[in-house]
Amino acid sequence: MFTGLVEEVGTVRDREQVDGAVLLHVAATAVTVDLSDGDSVAVAGVCLTVVDHHAGGFTADVMPESLARTTLGALGPGAPVNLERAVRADGRLGGHLVQGHVDGVGTVLRRTPGPRWDEVEIAVPATLARYVAEKGSIAVEGVSLTVTHVTQDSFGVALIPTTLAVTTLGTLVTGGLVNLEVDVVAKYLERLTAGAVR
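Each residue of the sequence shown is one higher than the one before, starting from 1 at the first, in full-length UniProt numbering.
Below, the structure is given as structure tokens:
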């Protein structure tokens, strides 16, 4: 489980093809503190398992499913990625409950700079639109954000100066692809109430 509060922006060092999957080598410093093999790290919002680590970074397995359903399949050496270690049970939940299970990929429709923040409009896949609610939570590239408004096929978020400075969202461009994870509570509520609605 994660919070959507990015600890640092790492850099993809290399990607190694292994039997249809990928070993992703990421350069990082902050998230390697007390990191162990087998730990979970959210990379661009995708929960990955660490298979090797050292002071300057770590290596994680990326399965074909993750390569096909997230932006990780298109990442090459030099690409910046948001990183967050799994939250400890005694830690603060400063963002919202994020699983690192990406639900789909959205497209940046526009980015409007403001006096101290940027407003961003993101197209959401039709299968996910019903889970996005105004003032609700959503994870974009692993970053916990509050939804400012929704339309039938898109939603908006406002990026504060801190988010712009310490995550990859500061470099978003129109047409760019982003990993999306909707609020897991909404998905569970739909599942639990499906049998009651007739």
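Every residue gets a Cβ at the ideal spot worked out from N, C-alpha and C, and that includes glycine.
Rounded to whole angstroms, how far is the Cβ of residue i from the Cβ of residue j, which I believe are closer than 8 Å?
i	j	result
D37	D61	With a Cβ gap of about 11 Å, D37 and D61 do not count as contacting.
D183	I138	7 Å
V98	L172	No, V98 and L172 are not in contact; Cβ-Cβ is about 19 Å, not under 8 Å.
G94	V6	Not really, about 11 Å apart at Cβ, beyond 8 Å.
G100	G45	7 Å
V120	K135	16 Å between Cβ atoms; not a contact.
D14	P77	6 Å
D118	R110	In fact, because the Cβ distance is near 10 Å, the residues do not count as touching under 8 Å.
V64	A21	The identity of residue 64 in the sequence shown is Pro, whereas the question assumes Val. Going by Cβ atoms, the distance from P64 to A21 rounds to 6 Å, so yes, they are a contact pair.
A133	V150	7 Å
A186	Y131	4 Å
Between the options, which lies nearest to residue i when the distance is taken from Cα to Cα?
i	options	result
V145	G57, R130, L164 and T127	According to the sequence provided, residue 145 is Leu. The question's Val does not apply to it. When only C-alpha atoms are compared, the closest one is L164.
E181	V124, L159 and L83	V124
T49	M1, R13 and G20	M1
S66	L83, D39 and G104	G104
V26	G20, L177 and A42	A42
T59	G20, S40 and A86	S40
E16	A186, L75 and A89	L75
V9	T3, A129, N82 and L35	N82
G73	T162, G56, L177 and A158	L177
Which term fits residue i, buried or exposed, when burial requires 16 or more other beta carbons within 10 angstroms of its beta carbon?
i	result
T168	buried
T70	buried
T193	exposed
E84	buried
V18	exposed
T29	exposed
V33	exposed
Taking only three categories from DSSP, how would you classify residue i?
i	result
S66	helix
P161	helix
V31	helix
A133	coil
T127	coil
T107	strand
T193	helix
D153	coil
P115	coil
E121	strand
V147	strand
| task | Please go through the UniProt repeat "Lumazine-binding" (1 to 96) and give each complete beta strand (DSSP E) segment of 3 or more residues, from N-terminal end onward. | result | 8 to 18, 21 to 27, 40 to 43, 46 to 54, 57 to 62 and 80 to 85
| request: Quick one: which unbroken beta strand (DSSP E) runs of 3-plus residues sit fully inside the segment 165 to 191? Chain order, please. | output: 177 to 182
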